[in-house]
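Colleague: In this text, residue positions in the sequence shown follow the numbering used here: the first is 1, and each later residue adds one. Don't be surprised by glycine CBs; every beta carbon is placed ideally from N, CA and C. Computed from a predicted structure; not experimentally measured.
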Amino acid sequence: MSKINLSEYRGDDIDYVFEFINGNGDPIDITGWVLFFTLKKSVNDDDSAALLKIDVASHSDPVNGKSKITIPKESSDDLAGDYVYDFQYKDSSGRVKTIMSGEIEFIKDVTIRTVPV
Numbered sequence: 001m002s003k004i005n006l007s008e009y010r011g012d013d014i015d016y017v018f019e020f021i022n023g024n025g026d027p028i029d030i031t032g033w034v035l036f037f038t039l040k041k042s043v044n045d046d047d048s049a050a051l052l053k054i055d056v057a058s059h060s061d062p063v064n065g066k067s068k069i070t071i072p073k074e075s076s077d078d079l080a081g082d083y084v085y086d087f088q089y090k091d092s093s094g095r096v097k098t099i100m101s102g103e104i105e106f107i108k109d110v111t112i113r114t115v116p117v
């Protein structure tokens, strides 16, 4: 598992792209896997109190181990400050593994408009 602290701008569409490979560098078939993203104010909060929960079961290229989790801009509009997050997967045999976690800071952006003036 990697512990990585992140900074993102609130109100942005945010993509996290994953490529699963084995020790030889060959792709792992992730057909039947589910990826999870969870965002909380505190690591001690129950999942029911999570601010964001995103599950992905339809992958961009499952046979070649590729998937993406997108946080839509509407989901981060009201976030500001520091939170904790993790990414997990549940494979087709039911095995669960955390692949990345840490703190994430949502920064207020300067530009709010989304149409030209």
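Is V43 helix, strand or coil when you go by DSSP?
Modeller: One-based indexing of the sequence shown puts residue 43 at position 43. Three-state result, V43: coil.
Colleague: What three-state label does DSSP hand P62 in the structure shown?
Modeller: Residue mapping note: residue 62 aligns to position 62 of the sequence shown, counting from 1. It is helical.
Colleague: Near D15, which residues of its chain fall below 6 Å by C-beta distance, leaving aside the five closest residues on each side in sequence?
Modeller: To locate residue 15, count along the sequence shown from 1; it is residue 15. Once the five neighbours on either side are set aside, the close Cβ partners of D15 are K68 and T70.
Colleague: Please report the distance separating the alpha-carbon of D61 from that of F18.
Modeller: The count along the sequence shown starts at 1 and reaches residue 61 at position 61. The count along the sequence shown starts at 1 and reaches residue 18 at position 18. The alpha-carbon atoms of D61 and F18 are separated by roughly 10 Å.
Colleague: Measure from the alpha carbon of E8 to the alpha carbon of each residue in D86, G25, D82 and S101, then state which is nearest.
Modeller: Taking the sequence shown and counting its residues from 1, one reaches residue 8 at position 8. It is D82 whose Cα lies nearest to the Cα of E8.
Colleague: With 16 as the cutoff for other CB atoms within 10 Å, does S76 come out buried or exposed?
Modeller: For the purposes of this step, residue 76 is identified with residue 76 of the sequence shown, where counting begins at 1. So S76 counts as buried.
Colleague: The alpha helix (DSSP H) with K90 in it runs from where to where?
Modeller: Here residue 90 refers to the residue found at position 90 of the sequence shown. It is not in any alpha helix (DSSP H) - K90 instead sits in the beta strand (DSSP E) that spans G81 to K90.
Colleague: Give the range of the beta strand (DSSP E) segment to which S101 is assigned.
Modeller: As a working mapping, residue 101 is identified with position 101 in the sequence shown. Note, S101: beta strand (DSSP E), V96 to I107.
Colleague: Evaluate G11 with the Cβ neighbour count: other Cβ atoms within 10 Å of its Cβ, from every protein chain shown; 16 or more gives buried, anything less gives exposed.
Modeller: Here residue 11 is taken as the residue at index 11 of the sequence shown, counted from 1. With 16 or more other Cβ atoms within 10 Å, it is buried.
Colleague: Please determine, among L35, G102, D47 and K108, the residue with the shortest C-alpha to C-alpha distance to D55.
Modeller: Within the sequence shown, residue 55 is the residue found at index 55, counting from 1. Among L35, G102, D47 and K108, the Cα nearest to that of D55 belongs to L35.
Colleague: Based on Cα-Cα distance, which residue from S101, R113, T38 and S92 lies nearest to V63?
Modeller: Locating residue 63 in the sequence shown gives position 63, counting from the first residue. Answer by Cα proximity: S92.
Colleague: In chain order, what residues of the same chain have a beta carbon less than 6 Å from the beta carbon of S2, not counting five sequence neighbours either side?
Modeller: Reading the sequence shown from its first residue, position 2 is the one you call residue 2. Hits under 6 Å: M100.
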